[in-house]
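For the sequence shown, my numbering assigns the number 37 to the initial residue and increments by one for each residue that follows.
Backbone N, C-alpha and C fix where the C-beta goes; we use that ideal spot for every residue, glycine too.
Working notes for the structure below.
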Amino acid sequence: NIDQNKARQRLLDAVAAVLSVTGVETNKLILKVRQKQKGSNQYEKLADKGEYFYVNEYGAKLWVNLTDYLDTGLFLDHRLTRKMLGEMAQGKDFLNLFAYTGSATVQAALGGAKSTTTVDMSNTYLNWAEQNLILNDIEGK
37 NIDQNKARQR
47 LLDAVAAVLS
57 VTGVETNKLI
67 LKVRQKQKGS
77 NQYEKLADKG
87 EYFYVNEYGA
97 KLWVNLTDYL
107 DTGLFLDHRL
117 TRKMLGEMAQ
127 GKDFLNLFAY
137 TGSATVQAAL
147 GGAKSTTTVD
157 MSNTYLNWAE
167 QNLILNDIEG
177 K
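Next comes the structure, spelled out in structure tokens:
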């Protein structure tokens, strides 16, 4: 266990370094800190700004939200996996379980999947997935 004061100072030092190196203004920085949480607390809304914008990823347009939730709607460490899914999906039926915002479904559909099915227990994230599909002119059945 790291002392909380020491951890906080390390975080402040890291933020100062990022601001210094990038030249980003302090009021433009969005900082989120993960903490151990259980159950539905990990999915609680942090804010209600409703500010979405889209990013391009290998030809897919995907909505992200940097402020309202702990996660942004797009896990960057899955980027290459989504790319591979798009490359391998041609003519296949694609099932996306625990789909989150449906970014893998979008890549599969754009890659020529014969059909896609997107499943998540959260209506919030299923609606987000639907908006990602609409953004890419992908029609559902």
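Item: Close Cβ partners of LYS119 (< 6 Å) along its chain, the five nearest in sequence each way excluded; Value: TYR94
Item: Integer-rounded CB distance, given that ASN101 should sit under 8 Å from GLU123; Value: Going by Cβ atoms, the distance from GLU123 to ASN101 rounds to 27 Å, so no, they are not a contact pair.
Item: Beta-carbon spacing of THR152, PHE134 below 8 Å; Value: no
Item: Neighbourhood of ILE170 by C-beta, 8 Å cutoff - its chain only, sequence neighbours within 5 removed; Value: none
Item: C-beta contact flag for LEU110 and THR137 at 8 Å; Value: yes
Item: Nearest neighbour of GLN167, chosen from LYS68, LEU55 and PHE89 [CA to CA]; Value: PHE89
Item: For ASN172, three-class secondary structure by DSSP; Value: coil
Item: Residues sharing a beta bridge with VAL91, DSSP; Value: LEU98
Item: Whole-angstrom distance between ALA145 and THR62, CA atom to CA atom; Value: 39 Å
Item: Buried/exposed call for THR154, threshold 16 Cβ in 10 Å; Value: buried
Item: Where the alpha helix (DSSP H) through VAL142 begins and ends; Value: 139 to 146
Item: Outcome for ASN163 when other beta-carbon atoms lying within 10 angstroms are tallied against a minimum of 16; Value: exposed
Item: Chain-order list of residues whose beta-carbon lies under 7 Å from that of LYS150 (same chain, five-residue window excluded); Value: GLY127, LYS128 and ASP129
Item: Own chain residues within Cβ distance below 6 Å of THR160, not counting five before or after; Value: none
Item: Nearest to TRP99 (by Cα), restricted to the options VAL91, ASP113 and ALA53; Value: VAL91
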